[in-house]
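Asks: Chains E and X, in that order, give the protein sequences. Sequential numbering of the first sequence, starting at 1, is according to the numbering used here. Sequential numbering of the second sequence, starting at 1, is according to the numbering used here.
2 protein chains.
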Amino acid sequence: MSFDSASVRARREQMLLRLLFRATHTMNAELTRRVRARGWTAFKPTFTTLLSHLDTDGTTISTLAARIGTSRQAVSQLARAIEEAGLIERMPHPTDGRSVVVRHTDAGRRILLDALDVMSAIEAEYAGRAGEAEVGELKGLLAHLLGEIDPAGAFHPDEQRSPGAVPN
Amino acid sequence: MSFDSASVRARREQMLLRLLFRATHTMNAELTRRVRARGWTAFKPTFTTLLSHLDTDGTTISTLAARIGTSRQAVSQLARAIEEAGLIERMPHPTDGRSVVVRHTDAGRRILLDALDVMSAIEAEYAGRAGEAEVGELKGLLAHLLGEIDPAGAFHPDEQRSPGAVPN
DNA sequence: GAAGATTGTCAACCTCCTTGCCTAGTTTGT
DNA sequence: ACAAACTAGGCAAGGAGGTTGACAATCTTC
């Protein structure tokens, strides 16, 4: 009874981590597909990470890195890609000569709102298929679990995310 | 009411996709940490994907690619890394001169069982913190949702996974 | 002002995956 | 039987999303 490859495989398929992985992958692929279908052909899921952390009046690279939970270099590289897509613009900081302020363009605001709409639409469709109450409860349980296992990753206005937080 | 960056950020944080992403990331990092702490210092989460799809008597690269849902090249590269870690071994196929059969080493079987044990331990700990019933229900709801949105990704013995299935 | 921190970036590298191509085998059609 | 067609695997190059180290320019502190 030491090692039965089929039952090992079955056991893995029922693990919470595996279920989470499949759901994340499926939903993320669907998001990308739909946002691109809306005409944003260059869209990548990582874009929303940065775009959603920009303040209305712009945010510096370092602040973004702290909020998102990655290095300044990663933010700098990501910002360049998003800038090339025309969704943000860099400006010199008004008072600090070292800093760069990143700000939404009009297109940047529109793609972010579009992506959120698509996420909502996907959730609504899932709710239609799997049950309104079920999806609502799923979200509640996930939020509850995350409160236990990843309290630092939660969104708190005016608070910086702890280093090593979940990006994307 | 056009665009308030703080409320947009808050809206995104409550999306199902975001919750899934955080939970996946947190759990996956914990798995890696604990398996490495057990002495498997070279462990990477992708290893379990391939290891769990190996049959007892070995499996060819092409079959693995079909099961896992990626390209043969990706499997080939992953297999090399796992082989270098001493967890699998390649052998010529007995009858087909083109094929390569990949098989567990003893260490490969042990690390796979260890990783599954760690996953179970993490789930148990989460259940202790967030509630036994809650985590059980979370898994049930996820499995139910996946049955709707990703039926092809589910595990069916003696069935190959559809192309484009969720890897890892 | 000199010493020290902070900001952003360049360069190099890593992981995991992709696409394109290529050889060595196996199967099929005639 | 033998060429044509397919299949198995691997090489090479590269993309996407990070990492770490080093560095010049610019604050800030004493």
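The beta-carbon is built from N, C-alpha and C at its ideal position, and this holds for glycine as well.
1) Is the region 123-131 of chain E touching the region 74-83 of chain E, taking contact as three or more C-beta pairs under 8 Å?
2) Counting beta carbon pairs with one atom in the region 82-94 of chain E and one in the region 103-122 of chain E, are three or more of them shorter than 8 Å?
3) Once the 5 residues before and after R22(X) are set aside, which same chain residues still bring their CB inside 8 Å of it?
4) Could you list the residues in the region 39-73 of chain X with a C-beta less than 8 Å from some C-beta on chain E, going in chain order?
5) Does the distance from the C-beta atom of L64(E) to that of R11(X) stay below 8 Å?
6) The beta strand (DSSP E) with M119(X) in it runs from where to where?
7) Kindly indicate which three-state DSSP category T60(E) falls into: helix, strand or coil?
8) If we count the other Cβ atoms within 10 Å of its Cβ and call it buried at 16 or more, is P163(X) buried or exposed?
9) Per DSSP, which one or two residues make a beta bridge with E30(X)?
10) Going by the CB atoms, is the gap between R36(E) and F47(E) shorter than 8 Å?
11) Check distances from the C-beta atoms of the region 81-111 of chain X to those of chain E and list, in chain order, the residues that come in under 7 Å.
12) When burial is assigned at 16 or more other CB atoms within 10 Å of the CB, is M91(X) buried or exposed?
13) Once you ignore the five residues that flank I122(X) on each side, which residues in its own chain have a CB closer than 6 Å to its CB?
Replies: Put simply:
1) no
2) yes
3) none
4) T48, S52, H53, L54, D55, T56
5) Using a Cβ distance threshold of 8 Å, L64(E) and R11(X) do not count as a contacting pair.
6) Run containing M119(X): none in the beta strand (DSSP E); it sits in the alpha helix (DSSP H), 106-130.
7) strand
8) At P163(X) the pLDDT is 49, less than 50, meaning the model places this residue with poor confidence; the figure from the coordinates comes in the next sentence. Exposed.
9) Per DSSP, none; premise fails for E30(X).
10) no
11) For the region 81-111 of chain X, which is checked against every Cβ of chain E, the residues closer than 7 Å are R109.
12) Flag for M91(X) reads exposed.
13) The answer, listed in chain order, is E30.
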